[in-house]
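Asker: Read top to bottom, the protein sequences are chains A and B. Numbering of the first sequence is given in the working numbering, commencing with residue 1 and proceeding in unit increments. Numbering of the second sequence is given in the working numbering, commencing with residue 1 and proceeding in unit increments. Here a beta-carbon is modelled for each residue, glycine too, at the ideal position from N, C-alpha and C. Note that the coordinates shown come from a computational prediction; the quantities given were computed from them, not determined experimentally. After the structure tokens below, expect a handful of questions from me.
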Amino acid sequence: METIFTFIQQNIDMIYFIVLSIFVGVEVIGHVPTVLHTPLMSGANAIHGVVIVGAIHVMLNLKADDYIMLTLGFLAVLLGTLNVVGGFVVTDRMLEMFKKK
Amino acid sequence: MNVSLLEICYLIASLTFVIGLKMMGNPKTARKGNLIGAGGMTAAILGTIFLHDGQVPMVIYALIGLSILIGTIAGWVAARKVAMTKMPELVSLFNGMGGACAALISLIEYPHLSQQTSTLVPVLAGLIIGSVSFSGSMIAFLKLNGTLNKAVRIPSYNIVNTVIMIITLGLGVMMVINPALNTLTYMYSLLALSLLYGILFVVPIGGADMPVVISLLNSFTGLAAAFGGFLYGNKAMLTGGILVGSAGTLLTVIMCKAMNRSLSSVIFGAFGGSSAVGGTSSEGGTVKDIQVADLAVLMNYSKKVIIVPGYGLAVAQAQHIIHEIELILESRGVEVKYAIHPVAGRMPGHMNVLLAESSVDYGKLSEMEEINPEFSSTDVVLVVGANDVVNPAAKTDPSSPIYGMPILEVENATHIIVNKRSMNAGYAGIDNQLFYNSKTSMLFGDAKSVLTSLANELKAL
């Protein structure tokens, strides 16, 4: 019990942050017309590509002779980029078609 | 100085994610919203690379640059080139890449960050969720592109899956509690178990439920990204990840609701499997069919025609020819509308994207609630490649697996024309009483070839 209280006390800002972000996520999606569900899913898919920031961070802190880890890191950045670029481009392509004529 | 500038980059990125997602909820601002999100993402990526504090060997910068370059070109080309009907599997593929990225980060960080509980927990959580999301998305991708086209069911898969999930989570928890288990061997076992679970999780799920699964895996990857943000105290990763995690979960629930299914019945249930044969097929009756030439006359002299497109239309690539028919009919003074069921196609909204691709006017696409009252004043309803979304059993037969699902009430129209390849049942594997309705005529054949000859007949009139 004691440890839980200490944990909460030490991370209170983070807990606020996480809880509020969850509500923002729910609210933002709230009243979306069905037409936009697929593009929205695809757009959200692109946004979680932000994980690439972590991959770059990892790479920047590796040693230049740690070949195995560098290979994994290279792969991580590559896959993250695919997620980000592919995600945003495909969403843009879907939404481009909703232009009113 | 650099550090605070980097924080500002992350702040901008977080804000653009929220604003971008919000704007994507409205057709007018959606495209701009997506671009705003992309802009924020670029700021976060460039900031991470160029505002880094400390010495970094050139070779590492070169490697980062190279991988981003390859990823950008490959991602761009794939996203631009792929056919619109293949959209769902592409989204699934990109989602898997994000999951793999999160899992790889954990693999690399484990040796450095496994000593403290506060870093070990997010590393392991990222590893488990990222791996499940990766292998699950790959299976979903293979299922959607037809490589794996059957719902594979190992005996009592529910029990097997649950046991594996418990073992995986249990091992993760044990590694945190018991330092003796906190070794590379166990970490790799955890990786293998998570990948296996991802496969087993998606493999038994039928094609009709795939959108829900992709949406769920999408929010998993968001969660994995959020754990990465927790690990590094990185606010952009946290907001991006949590937003997608919660928004994705809600979107999943909305999709389930549109199909009148609960999330648990998608995961543990048996839709599209052999066990789900319900409905009252015995009452059958006779079906009428109609010739293309007769249909052309019927449509030509109608006042109002409503087209109900389903996934069969997309599979047959008939979205362009249907638009041509719409134009011909309009030039003859016939009012034409499209009735879009929320789950028409393979993802909610997928049908809208497909029709928009063949330049059907966005204003002609009507959602279910607004079009349902109009069927009674409609002369001809043309159902192309749709089945379960027009099945009256959803309203009348409580024993039917789709009972309670809102449907398009096409049976109120004067004439109902159903284009199908054969009398086979739809995704849900249940019979459709609509076909035996006295007002219904069947138009058998591949949607594209039948509609092409219909267009030719119409032109000749």
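Three-state secondary structure (DSSP) at B/P401?
Answerer: The residue labelled residue 401 of chain B in the question sits at position 401 within the second sequence. Here B/P401 sits in coil by DSSP.
Asker: Do you know offhand how far B/L216's Cα is from B/N95's?
Answerer: Position 216 of the second sequence, counted from the first residue, corresponds to residue 216 of chain B. Position 95 of the second sequence, counted from the first residue, corresponds to residue 95 of chain B. Their Cα atoms are separated by approximately 11 angstroms.
Asker: List the residues of chain A that B/L11 touches, going by C-beta distances under 8 angstroms, in chain order.
Answerer: Numbered from its first residue, the second sequence carries residue 11 of chain B at position 11. Near B/L11 there are no residues of chain A at all, since even the closest Cβ is about 13 angstroms away, more than 8 angstroms.
Asker: Taking 8 angstroms as the threshold (beta carbon to beta carbon), is A/N45 in contact with chain B?
Answerer: Reading the first sequence from its first residue, position 45 is the one you call residue 45 of chain A. Closer than 8 angstroms to some Cβ of chain B, the Cβ of A/N45 qualifies, so yes.
Asker: Which residue from A/V32, A/P39, A/N11 and A/N83 puts its Cα closest to that of A/A55?
Answerer: On the first sequence, residue 55 of chain A is found 55 positions in, with the first residue counted as 1. Of A/V32, A/P39, A/N11 and A/N83, the residue nearest in Cα terms is A/N83.
Asker: Give the residues of chain B in contact with A/F5, contact being defined as C-beta atoms less than 7 angstroms apart.
Answerer: Taking the first sequence and counting its residues from 1, one reaches residue 5 of chain A at position 5. Under the 7 angstroms cutoff, chain B gives no residues; its nearest Cβ is about 16 angstroms from A/F5.
Asker: From what residue to what residue does the alpha helix (DSSP H) around B/N218 run?
Answerer: As a first step, residue 218 of chain B must be located in the second sequence, where it is residue number 218. Looking at the DSSP string, the run of the alpha helix (DSSP H) that includes B/N218 is M210 to Y232.
Asker: Listed in chain order, which residues of the region 123 to 147 of chain B have Cβ atoms closer than 7 angstroms to some Cβ of chain A?
Answerer: Here the close residues number zero.
Asker: Could you compute how far the alpha carbon of A/T91 sits from the alpha carbon of A/M1?
Answerer: Along the first sequence, one-based indexing puts residue 91 of chain A at 91. Along the first sequence, one-based indexing puts residue 1 of chain A at 1. Cα to Cα, A/T91 sits roughly 47 angstroms from A/M1.
Asker: So with Cβ pairs under 8 angstroms, would you call B/M237 a contact of chain A?
Answerer: In the second sequence, counting from the first residue as 1, residue 237 of chain B sits at position 237. By this cut-off, B/M237 is an interface position.
Asker: Can you find a C-beta in chain A that's less than 8 angstroms from the C-beta of B/L35?
Answerer: In the second sequence, the residue the question calls residue 35 of chain B occupies position 35. Closer than 8 angstroms to some Cβ of chain A, the Cβ of B/L35 qualifies, so yes.
Asker: Does the Cβ of B/E369 have 16 or more other Cβ atoms within 10 Å, making it buried, or fewer, making it exposed?
Answerer: To locate residue 369 of chain B, count along the second sequence from 1; it is residue 369. By the 10 Å Cβ count, B/E369 comes out exposed.
Asker: With distances taken from CA atoms, which of B/A236, B/I290, B/M442 and B/L365 is nearest A/V53?
Answerer: Residue mapping note: residue 53 of chain A aligns to position 53 of the first sequence, counting from 1. Ranking the options by Cα distance to A/V53, first place goes to B/A236.
Asker: Compute the Euclidean distance between the alpha carbons of B/S358 and B/L104, then round it to the nearest angstrom.
Answerer: Here residue 358 of chain B is taken as the residue at index 358 of the second sequence, counted from 1. Here residue 104 of chain B is taken as the residue at index 104 of the second sequence, counted from 1. Between B/S358 and B/L104, the C-alpha separation is close to 40 angstroms.
Asker: Which residues in chain A have a C-beta closer than 7 angstroms to the C-beta of B/G385? List them in chain order.
Answerer: Reading the second sequence from its first residue, position 385 is the one you call residue 385 of chain B. Those within 7 angstroms of B/G385 in chain A number zero; the least Cβ separation is about 18 angstroms.
Asker: Which residue wins for smallest C-alpha separation from B/V91, given the options A/L79, A/P33, A/M41 and A/T71?
Answerer: For this step, residue 91 of chain B is matched to residue 91 along the second sequence. With distances taken between Cα atoms, B/V91 lies closest to A/M41.
Asker: Please determine if the region 5 to 24 of chain A and the region 68 to 84 of chain B are in contact, where contact requires at least 3 C-beta pairs separated by less than 8 angstroms.
Answerer: Judged by Cβ distances under 8 angstroms, the region 5 to 24 of chain A makes no contact with the region 68 to 84 of chain B, as fewer than three pairs qualify.
Asker: Along chain A, which residues have their Cβ under 8 angstroms away from the Cβ of B/F17?
Answerer: Looking up residue 17 of chain B in the second sequence gives position 17. Going along chain A in sequence order, the residues near B/F17 (Cβ under 8 angstroms) are I47 and V50.
Asker: Going by the CB atoms, is the gap between B/V353 and A/I47 shorter than 8 angstroms?
Answerer: The sequence position of residue 47 of chain A within the first sequence is 47, counting from 1. The sequence position of residue 353 of chain B within the second sequence is 353, counting from 1. Result no, Cβ atoms of A/I47 and B/V353 do not sit closer than 8 angstroms.
Asker: Cutting at 6 angstroms between CB atoms, please list the residues of its own chain near A/L60, excluding the five before and the five after it.
Answerer: Start at 1 with the first residue of the first sequence, and residue 60 of chain A comes out as number 60. For A/L60, where only same-chain residues beyond five positions count, there are no Cβ hits under 6 angstroms.
Asker: So that I know if they touch, is there some Cβ in chain A lying closer than 8 angstroms to that of B/K337?
Answerer: As a first step, residue 337 of chain B must be located in the second sequence, where it is residue number 337. No, no contact with chain A.
Asker: Just checking: is the beta-carbon of B/K22 within a distance shorter than 8 angstroms of some beta-carbon in chain A?
Answerer: Taking the first residue of the second sequence as position 1, residue 22 of chain B is located at position 22. Answer yes: the Cβ-Cβ gap between B/K22 and chain A drops below 8 angstroms somewhere.
Asker: Give the DSSP-derived three-state secondary structure of B/M423 in the structure shown.
Answerer: For this step, residue 423 of chain B is matched to residue 423 along the second sequence. B/M423 falls in the coil class under three-state DSSP.
Asker: Which runs of the alpha helix (DSSP H) at least 4 residues long sit entirely within the region 94 to 128 of chain B? Give them in chain order.
Answerer: Here no run is fully enclosed.
Asker: Straight-line CA distance for B/Q291 to B/L443?
Answerer: Indexing the second sequence from 1 puts residue 291 of chain B at position 291. Indexing the second sequence from 1 puts residue 443 of chain B at position 443. Their Cα atoms are separated by approximately 7 angstroms.
Asker: Could you tell me whether the region 101 to 116 of chain B touches the region 372 to 392 of chain B, using the rule of 3 or more Cβ pairs below 8 angstroms?
Answerer: No, the region 101 to 116 of chain B is not in contact with the region 372 to 392 of chain B.
Asker: So B/E457 packs on B/A316, CB below 8 angstroms; how close in whole Å?
Answerer: Numbered from 1 along the second sequence, position 457 holds the residue referred to as residue 457 of chain B. Numbered from 1 along the second sequence, position 316 holds the residue referred to as residue 316 of chain B. 18 angstroms between Cβ atoms; not a contact.
Asker: At a CB-CB cut-off below 9 angstroms, which residues of chain B make contact with A/D92?
Answerer: The count along the first sequence starts at 1 and reaches residue 92 of chain A at position 92. Per Cβ cutoff of 9 angstroms: R31, N34, L35, A38 and A79.
Asker: Taking 8 angstroms as the threshold (C-beta atoms), are B/P309 and B/A356 in contact?
Answerer: Position 356 of the second sequence, counted from the first residue, corresponds to residue 356 of chain B. Position 309 of the second sequence, counted from the first residue, corresponds to residue 309 of chain B. No.
Asker: Within this structure, are the beta carbons of B/I340 and B/S376 separated by less than 8 angstroms?
Answerer: Here residue 340 of chain B corresponds to residue number 340 of the second sequence, with the count starting at 1. Here residue 376 of chain B corresponds to residue number 376 of the second sequence, with the count starting at 1. No, these two residues do not count as a Cβ contact at 8 angstroms.
Asker: For a contact meaning CB atoms closer than 7 angstroms, what does B/V315 contact in chain A?
Answerer: Taking the second sequence and counting its residues from 1, one reaches residue 315 of chain B at position 315. Those within 7 angstroms of B/V315 in chain A number zero; the least Cβ separation is about 17 angstroms.
Asker: Which residues in the same chain as B/L298 place their Cβ atom closer than 7 angstroms to its Cβ, once the five residues preceding and following it in sequence are excluded?
Answerer: In the second sequence, counting from the first residue as 1, residue 298 of chain B sits at position 298. These residues qualify, in order along the chain: V380 and H415.
Asker: Quick one: what's got a C-beta closer than 8 angstroms to B/C256's C-beta in the same chain, skipping five residues either side?
Answerer: Taking the second sequence and counting its residues from 1, the one referred to as residue 256 of chain B is at position 256. Cβ neighbours of B/C256 beyond the five flanking positions: V212, S262, L263 and V266.
Asker: By the three-class DSSP mapping on this structure, what secondary structure does B/I19 have?
Answerer: In the second sequence, residue 19 of chain B corresponds to position 19, counting from 1. Three-state DSSP puts B/I19 in a helix.
Asker: Could you tell me which residues DSSP puts in a beta bridge with B/S366?
Answerer: Residue 366 of chain B sits at position 366 when you count from the first residue of the second sequence. Per DSSP, B/A339.
Asker: Taking buried to mean at least 16 other C-beta atoms within 10 Å of its own C-beta, is B/A247 buried or exposed?
Answerer: Taking the first residue of the second sequence as position 1, residue 247 of chain B is located at position 247. Buried.
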